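Every letter in the sequence shown is one number past the one before it in UniProt numbering, and letter 134, counting from 1, is 134.
We put the beta carbon where it would ideally sit given N, CA and C, even for glycine.
As the structure is a computational prediction, the values presented were derived from the model and not from experiment.
Only one structure is covered here, and it is reproduced in the block below.
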Amino acid sequence: MRRRGFGVLCAARPVVHSVGARGRPAVCSVGASRQMKNANFPLDAEGRTFHLGCRKGEISNRMLSVGDASRAQLLSQFLKPFPNGDPVFNLVSSRGFSITTGVVGDSNTEVSIVTTLMGLANMDFVIRESRAVIDGPMAVVRLGTCGALQPGTLGKVLVPSDGCVLVHRNPDAFTQQSGGSANGDSPSPYLITNPVFPNAELCNGLITQLQRTLPKGPGGIKCGINCTTDSFYSSQGRIAEDFDDRNENLIQRVLGEIPNAVSFEMETFQLLHLASCSKGTIAAAACAIGLAERASNEFMTPAQLVEMEEKAGKAAMDALVSFDLSSL
């Protein structure tokens, strides 16, 4: 990846730079007031994308996607300056996305840590807009947190090696206009898609690196099927008195239909779906830390989470470095 100068043109809001040791900007803050062109795929005069705010040369072909900004900052410790002396590059967009690009360890391989934030739409922004400004094949690994669906998996890293489904709310089931089906059945309030799958080579590499990095036993990994949802609340079976959600038996239904379901989260399906639709140019895999166990109603402690974020994050970055992009 060849980096370029990082000056940004904004119509009204100023751009904030932090200058590195050699005078190259280490931080680029992209303002909201930019003149965009092309309503089909908006870019500004410098070729920066609408939401992510990046342009060619600022984001690597190897990308670690995280939802939480503090996790991105934590994992940036594993990136070092470029061999030519350029500092680690940081970009923050007005939409809250961030990109940190540097070299992993002694590999001289560039990796970008990207905050994907939460939900299907934000993952869609990140993958589509990064694809538009990256030349050549891409490898993307997501490291998130999730609700652990199986007993005894609190604190484990859960890997959807067997695929990922989307569990989403069906609005037609909640409207008075929705009639029953031809046989008189009412529409289901929640729909479950067929699975999409990770890139086998990248996923196997991720599992290998996680096994090397994580302890055996309670703090290890568990593979299975992930369930991405379109809500943290209704579609994950959280009961709320303020809304008509009809989800009292949703977790039981999911586990009944998908016995090896291991996790609930909100982004991975979109990542794997877009990768499968990328015409062979994106390899994707994912894992998530079981932050809360739904069966026991228990949470990890903040200290435990940080420890697992560091270990799993380093494993994910090593998997990206080891992946052969020419295999795509």
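- Around the beta carbon of THR175, a 10 Å sphere encloses fewer than 16 other beta carbons of the protein chains shown; the residue is thus reported as exposed.
- Excluding the 5 residues flanking it on each side, LYS311 has same chain C-beta neighbours closer than 7 Å at THR213 and LEU214, in chain order.
- In the DSSP assignment, GLU129 falls within the unbroken alpha helix (DSSP H) covering 120-133.
- Judged by pairs of C-beta atoms under 8 Å, the segment 197-211 touches the segment 156-168, as three or more such pairs exist.
- SER60 and VAL30 have their C-alpha atoms spaced approximately 18 Å apart.
- Here DSSP, grouped into helix, strand and coil, assigns GLY256 to helix.
- Nearest neighbour of GLY136 by Cα position, chosen from ALA283, PRO187, ASN38 and SER276, turns out to be ALA283.
- In this structure, THR153 places its C-beta atom within 8 Å of the C-beta atom of VAL262.
- With respect to VAL126, ALA285 sits apart: the two C-beta atoms are not nearer than 8 Å.
- For the pair ALA240 and ILE113, the Cα-to-Cα distance works out to about 35 Å.
- Here CYS287 is not near PHE264, since their CB atoms are 8 Å or more apart.
- In the three-state DSSP reduction, LEU191 falls in the strand class (E or B).
- Segment contact: the segment 88-104 against the segment 46-58, three or more CB-CB distances shorter than 8 Å; contact assigned.
- In the same chain as LYS222, and ignoring 5 residues on each side of it, the C-beta atoms closer than 6 Å to its own belong to THR153, LYS156, LEU158 and VAL262, in chain order.
- Excluding sequence positions up to five before and after LEU328, its CB lies within less than 7 Å of the CB of PRO137, GLY280, THR281 and ALA283, all in the same chain and listed in chain order.
- It is roughly 27 Å from the alpha-carbon of PHE232 to the alpha-carbon of ALA315.
- With a contact defined as Cβ atoms closer than 8 Å, GLU267 and GLY47 miss out at about 26 Å.
- In the DSSP assignment, MET138 forms a beta bridge with ILE282.
- Nearest Cα to GLU248 within the set CYS28, GLU293 and TYR190: TYR190.
- Excluding sequence positions up to five before and after GLN236, its CB lies within less than 7 Å of the CB of GLY147, THR229 and PHE264, all in the same chain and listed in chain order.
- CA-CA distance, GLN270 to VAL165, rounds to 10 Å.
- In this structure, the alpha-carbon of GLN211 lies about 14 Å from that of GLU309.
- Boundaries of the beta strand (DSSP E) around ILE113: 109-115.
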